[in-house]
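K.L.:
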Amino acid sequence: MTAPVLPPVGPDLRIWGKNLTAFLRRTADRLRFKKADDNPSEDGVILWDGENNYPVVSLNGEFRQLIIANGYAQFIRDSDVTAAAVDTAYSITYDAPSFADGVSRDDTNPELIVFEEGGIYLLSFTAQISSTSSSTVMFRFWPAINGATSPGSTIVAKLHQNDASTVVSRSALFQVSAGDYLEVKWAVDRLPGYLHAQPATAYAPSAPATTLSVTRIRT
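Structural data, given as structure tokens:
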């Protein structure tokens, strides 16, 4: 690793001492910018990656990004979600996130959830499924990244009676690149099945029809 360049020693040590003190005040609490020739062979060296605007640390022969505040979001849907046709995939449109950083709804298509930075994200999904039929209703939920689905990612749940309701949930890890987008898909085999948002009562707050929590855990 290249060392910081200290103020040159001149003929007057008192002036040099003042310059050294000023230099340390300016640089002691700052990360040095990462350069192309920096070698990550020594673990535990923290630098600032000016090209990508995040800190990195050397570990096992490579520089790895340190996760800072961005890369999270909490989405809810405060109203019922219904399907227009059976056995048809629909994307859930969530309300604007109550808090988020680096993860957002697309400006032109709110069905899309866009990732500002790449990495491995933990996605936690819930849905309150309900039915107004006494016949069995089957629900399916699955994620799609950039329109593509993954084998083994679908949640399947059934309700068997009129006015039945329950909550289904799952958490999973997904690797995405900067600019990728997520759609939360769902389908039902009978139209009496829907996602139900419960209003508040005098003693309990409202319950959303569905929630999605997004947290970036590493690059």
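8 is the number that numbering that gives the first Met the number 0 gives to position 9 of the sequence shown; each next residue is one higher, with no gaps.
C-beta: ideal position from N, C-alpha, C; glycine also.
1. Looking at the unbroken beta strand (DSSP E) that takes in G192, where does it start and where does it end?
2. CB V56 to CB I45, shorter than 8 Å?
3. Hey, K157 and V136 are a contact pair by Cβ (cut 8 Å); roughly how many whole angstroms apart?
4. Contact defined as beta carbons within less than 8 Å: I believe S222 pairs with Q127. What is the distance between those atoms, to the nearest angstrom?
5. Please list, in chain order, all residues of the same chain as T214 whose beta carbon is under 6 Å from its beta carbon, the five residues on each side excluded.
6. Taking Cβ positions, are R189 and V85 nearer each other than 8 Å?
7. Around the Cβ of R13, are there at least 16 other Cβ atoms within 10 angstroms (buried) or fewer (exposed)?
8. With DSSP as the reference, identify every bridge partner of T125, one or two as the case may be.
9. Given this structure, state the Cα-to-Cα distance separating G151 from P142, to the nearest angstrom.
10. Beta strand (DSSP E) containing Y71: first to last residue?
11. Among P39, N52 and T209, whose alpha-carbon lies nearest the alpha-carbon of N59?
12. Classify P10 as buried or exposed, calling it buried when 16 or more other Cβ atoms lie within 10 Å of its own Cβ.
P.N.:
Let's see:
1. Start at 1 with the first residue of the sequence shown, and residue 192 comes out as number 193. Here the beta strand (DSSP E) through G192 covers G192 to L194.
2. Here residue 56 refers to the residue found at position 57 when the sequence shown is read from its first residue. Here residue 45 refers to the residue found at position 46 when the sequence shown is read from its first residue. A contact, by the Cβ cut-off of 8 Å.
3. Here residue 157 corresponds to residue number 158 of the sequence shown, with the count starting at 1. Here residue 136 corresponds to residue number 137 of the sequence shown, with the count starting at 1. Yes, K157 and V136 are in contact; Cβ-Cβ is about 7 Å, under 8 Å.
4. Within the shown structure, residues of the chain are numbered from 0 to 218, placing residue 222 beyond reach of any answer.
5. By 1-based counting over the sequence shown, the position of residue 214 is 215. Cβ-Cβ distances below 6 Å link T214 to Y71 and L121 in the same chain, with the five nearest sequence neighbours on each side left out; the list follows chain order.
6. Here residue 189 corresponds to residue number 190 of the sequence shown, with the count starting at 1. Here residue 85 corresponds to residue number 86 of the sequence shown, with the count starting at 1. Taking 8 Å as the Cβ cut-off, R189 and V85 qualify as a contacting pair.
7. Counted from its first residue, the sequence shown places residue 13 at position 14. R13 counts as exposed, since fewer than 16 other C-beta atoms from the protein chains shown sit within 10 angstroms of its C-beta.
8. Residue mapping note: residue 125 aligns to position 126 of the sequence shown, counting from 1. Residue pairing for T125: DSSP places it in a beta bridge opposite S168 and T210.
9. Translated into the one-based positions of the sequence shown, residue 151 becomes position 152. Translated into the one-based positions of the sequence shown, residue 142 becomes position 143. The straight-line gap from Cα to Cα measures roughly 11 Å.
10. Residue 71 sits at position 72 when you count from the first residue of the sequence shown. Y71 -> beta strand (DSSP E) spans Y71 to R76.
11. Your numbering for residue 59 matches position 60 in the sequence shown. For the residues P39, N52 and T209, the minimum Cα distance to N59 belongs to P39.
12. Counting from one through the sequence shown, the residue named residue 10 turns up at place 11. Its Cβ having fewer than 16 others within 10 Å, P10 is exposed.
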